[in-house]
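Colleague: A single structure is presented below for examination.
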Amino acid sequence: MFRAVQFAGTVAMLACVTGFGQEKAQPLETGTFHGKVHNTSGRATIYKEADGKLLLRLTNFKTSNGPDVHVVLIAAKDADDDANFLKSSTEKLELGPIKGNEGDQNYNIPSGTDLKKFQTVSIYCERFNANFGAAPLEKF
Amino acid sequence: MTILSSRWLLRWKWTVVAVGLLVLIALWWAFRPEKLWVNQKVNEPAPFDTSADPKPVLTGRFEAKAEQTSGRATIYKKPGGEEYLHLSDLSAPIGEDLHVELKGARDGTDLGPLKSNQGDQNYDLPVATDLSKYESVAIYSERLHTVIGVAKLEPF
Chain A
6 MFRAVQFAGT
16 VAMLACVTGF
26 GQEKAQPLET
36 GTFHGKVHNT
46 SGRATIYKEA
56 DGKLLLRLTN
66 FKTSNGPDVH
76 VVLIAAKDAD
86 DDANFLKSST
96 EKLELGPIKG
106 NEGDQNYNIP
116 SGTDLKKFQT
126 VSIYCERFNA
136 NFGAAPLEKF
Chain B
164 MTILSSRWLL
174 RWKWTVVAVG
184 LLVLIALWWA
194 FRPEKLWVNQ
204 KVNEPAPFDT
214 SADPKPVLTG
224 RFEAKAEQTS
234 GRATIYKKPG
244 GEEYLHLSDL
254 SAPIGEDLHV
264 ELKGARDGTD
274 LGPLKSNQGD
284 QNYDLPVATD
294 LSKYESVAIY
304 SERLHTVIGV
314 AKLEPF
């Protein structure tokens with residue numbers, strides 16, 4: 006009888022360790038925003054959801070409102086404040102127009118995105134090719 | 164000259180006004196100056212349920228001070244209210260009688276000896292720890308009386 010209980014306990018523990026943990030969204034990478042010209046602050050975190058989809062979530066977020074502002078991932082370790090992207094020919098991945106200049110918000114990341122390549126989140130003004138703020142991502 | 168220019172103005176008055184308006188509209192479209200005053204607030208919830216899990220409150224990466232240290236320090240709050248420090252991917256030197264400490268401008272709390280110089284580990288925080296008093300997590304050497312590495316904590 007004791008053996009059976011012990012066995013059940015072990016099975017339950019294993020289920021917790023192996024299967025259960027994978028059913029939840031896991032933060033993969035995180036970083037904080039910096040941006041001086043257009044004061045930008047807050048946190049960017051990339052989650053892997055239970056179904057494997059990647060999601061970018063901004064929290065405690067604040068930037069200046071502006072025209073044609075987008076959230077992009079850029080293939081760089083970090084971006085200088087107000088860096089001009091086209092000149093530096095940095096590869097960028099569009100995640101969509103910004104939903105608000107203040108508050109928590111989510112953006113879907115296309116499946117198959119290479120996070121080793123796209124290491125920084127940028128708040129990017131498409132019209133003037135200006136970087137409002139950037140969050141370099143590091144392993145959570 | 165003045166007569167000539169005023170005649171020209173009279174003749175082209177509406178064209179000038181129209182062109183001026185167009186320029187103003189173009190400038191407004193490009194710069195949207197009213198957005199300097201208008202905030203667009205959003206508050207999207209996380210698309211997954213995390214209410215049953217420990218919630219990360221503060222986090223930061225270790226920076227090497229006296230010796231090579233790397234990894235991440237995160238303070239979690241359990242649904243019950245208890246808080247604990249989780250070190251992930253830690254790599255710290257061997258020996259040196261290392262301790263984990265919460266450090267603030269004035270306050271310091273020893274969380275105990277470092278359990279291992281490598282890998283993931285947890286440390287319970289004393290009940291009712293006022294996290295606003297602390298700015299960082301330090302790996303401190305009791306033998307050398309030096310800070311080996313520091314992780315500055317920022318809101319998650």
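Protein chains in written order, with the working numbering: chain A, 6 to 145; chain B, 164 to 319.
No residue lacks a Cβ here, since even glycine has one placed at the ideal position from N, Cα and C.
Roughly how far, in whole angstroms, is the beta-carbon of A/Asn-106 from the beta-carbon of B/Asn-202, given that I think they are within contact range, below 8 Å?
Modeller: The pair is a contact, with the Cβ atoms about 6 Å apart (cut-off 8 Å).
Colleague: By Cβ distance below 6 Å, which residues in the same chain neighbour B/Pro-256 in space, the five residues on each side in sequence not counted?
Modeller: Cβ neighbours of B/Pro-256 beyond the five flanking positions: Glu-230.
Colleague: Given that a residue counts as buried once 16 or more other Cβ atoms are within 10 Å of its Cβ, and exposed if not, what is A/His-43?
Modeller: Flag for A/His-43 reads buried.
Colleague: Could you give the residue range of the beta strand (DSSP E) that holds A/Ile-79?
Modeller: 74-79 is the span of the beta strand (DSSP E), which, as asked, contains A/Ile-79.
Colleague: If the cut is a Cβ gap below 7 Å, which residues of chain A does B/Asn-202 touch?
Modeller: Neighbours of B/Asn-202 on chain A, chain order: Asn-70, Asn-106 and Glu-107.
Colleague: So what's B/Pro-289 in DSSP terms, helix, strand or just coil?
Modeller: It is coil, neither helix nor strand.
Colleague: Could you list the residues in the region 130-144 of chain A with a C-beta less than 9 Å from some C-beta on chain B, going in chain order?
Modeller: From the region 130-144 of chain A, only Arg-132, Phe-133, Glu-143 and Lys-144 have a Cβ closer than 9 Å to chain B.
Colleague: Work out the CA separation of B/Lys-204 and B/Leu-384 for me, nearest whole Å.
Modeller: Nothing can be reported for residue 384 of chain B: it is not among the residues displayed for chain B, which extend from 164 to 319.
Colleague: Return the Cβ separation of A/Ala-49 and A/Leu-142 in integer angstroms, given the expectation that the two are a contact with Cβ distance under 8 Å.
Modeller: Going by Cβ atoms, the distance from A/Ala-49 to A/Leu-142 rounds to 7 Å, so yes, they are a contact pair.
Colleague: For a test of the three-state rule: what should DSSP assign to A/His-137, helix, strand or coil?
Modeller: The sequence shown places Phe at residue 137 of chain A, not His. Three-state result, A/Phe-137: strand.
Colleague: Of all the beta strand (DSSP E) runs that stay within the bounds of the region 181-229 of chain B, which reach a length of 3 or more residues?
Modeller: Entirely contained in the region 181-229 of chain B, the beta strand (DSSP E) runs reaching 3 residues are, in chain order, 218-227.
Colleague: Does A/Thr-45 get closer than 9 Å to chain B when you measure Cβ to Cβ?
Modeller: No, A/Thr-45 lies away from the interface with chain B (no Cβ there is under 9 Å from its Cβ).
Colleague: Alpha carbons only, please: which of B/Lys-266, B/Arg-195 and B/Lys-228 is nearest the one belonging to A/Arg-132?
Modeller: Nearest of B/Lys-266, B/Arg-195 and B/Lys-228 to A/Arg-132, Cα basis: B/Arg-195.
Colleague: For A/Ala-45, does the count of other Cβ atoms within 10 angstroms reach 16, so buried, or fall short, so exposed?
Modeller: The displayed chain sequence assigns Thr, not Ala, to residue 45 of chain A. Result: buried.
Colleague: Could you list which residues in chain A have their beta carbon closer than 7 Å to that of B/Arg-354, in chain order?
Modeller: Residue 354 of chain B lies beyond the residue range present for chain B, which begins at 164 and ends at 319; the question has no answer from this structure.
Colleague: Within a Cβ cutoff of 7 Å, which residues of the same chain sit near A/Thr-23, ignoring the five residues on either side of it in sequence?
Modeller: Residue placement at A/Thr-23 cannot be trusted, given a pLDDT of 46 that sits under 50; the coordinates are not used to answer.
Colleague: Please confirm if B/Asn-285 has its CB atom under 9 Å from at least one CB of chain A.
Modeller: Cβ-Cβ to chain A under 9 Å: no for B/Asn-285.
Colleague: Could you tell me the distance, in whole angstroms, from the CA atom of A/Val-74 to the CA atom of A/Ile-128?
Modeller: Taking the straight line joining both Cα atoms gives about 7 Å.
Colleague: Within 10 angstroms of the Cβ of B/Lys-266, are there 16 or more other Cβ atoms? Answer buried if so, exposed if not.
Modeller: Classification for B/Lys-266: buried.
Colleague: When the Cα atoms are used, what is the spatial distance from A/Asp-87 to B/Ala-209?
Modeller: For A/Asp-87 and B/Ala-209, the distance between alpha carbons rounds to 29 Å.
Colleague: Using 10 angstroms around the beta-carbon of B/Asp-212, count the other beta-carbons present and answer buried if the total reaches 16, otherwise exposed.
Modeller: Classification for B/Asp-212: exposed.
Colleague: Measure the CB-CB distance between B/Leu-294 and B/Glu-259 and report whether it falls below 9 Å.
Modeller: Taking 9 Å as the Cβ cut-off, B/Leu-294 and B/Glu-259 do not qualify as a contacting pair.
Colleague: So with Cβ pairs under 9 Å, would you call A/Ala-88 a contact of chain B?
Modeller: No - not a single Cβ of chain B is within 9 Å of the one on A/Ala-88.
Colleague: Would you mind working out which of A/Glu-96, A/Lys-58 and A/Pro-72 sits nearest A/Ala-80, comparing C-alpha positions?
Modeller: That would be A/Glu-96, whose Cα lies nearest to the Cα of A/Ala-80.
Colleague: Between B/Thr-272 and the rest of its own chain, which residues show a CB-CB distance below 6 Å, the 5 nearest in sequence each way excluded?
Modeller: Excluding residues within five positions, the ones whose Cβ falls inside 6 Å are Leu-265.
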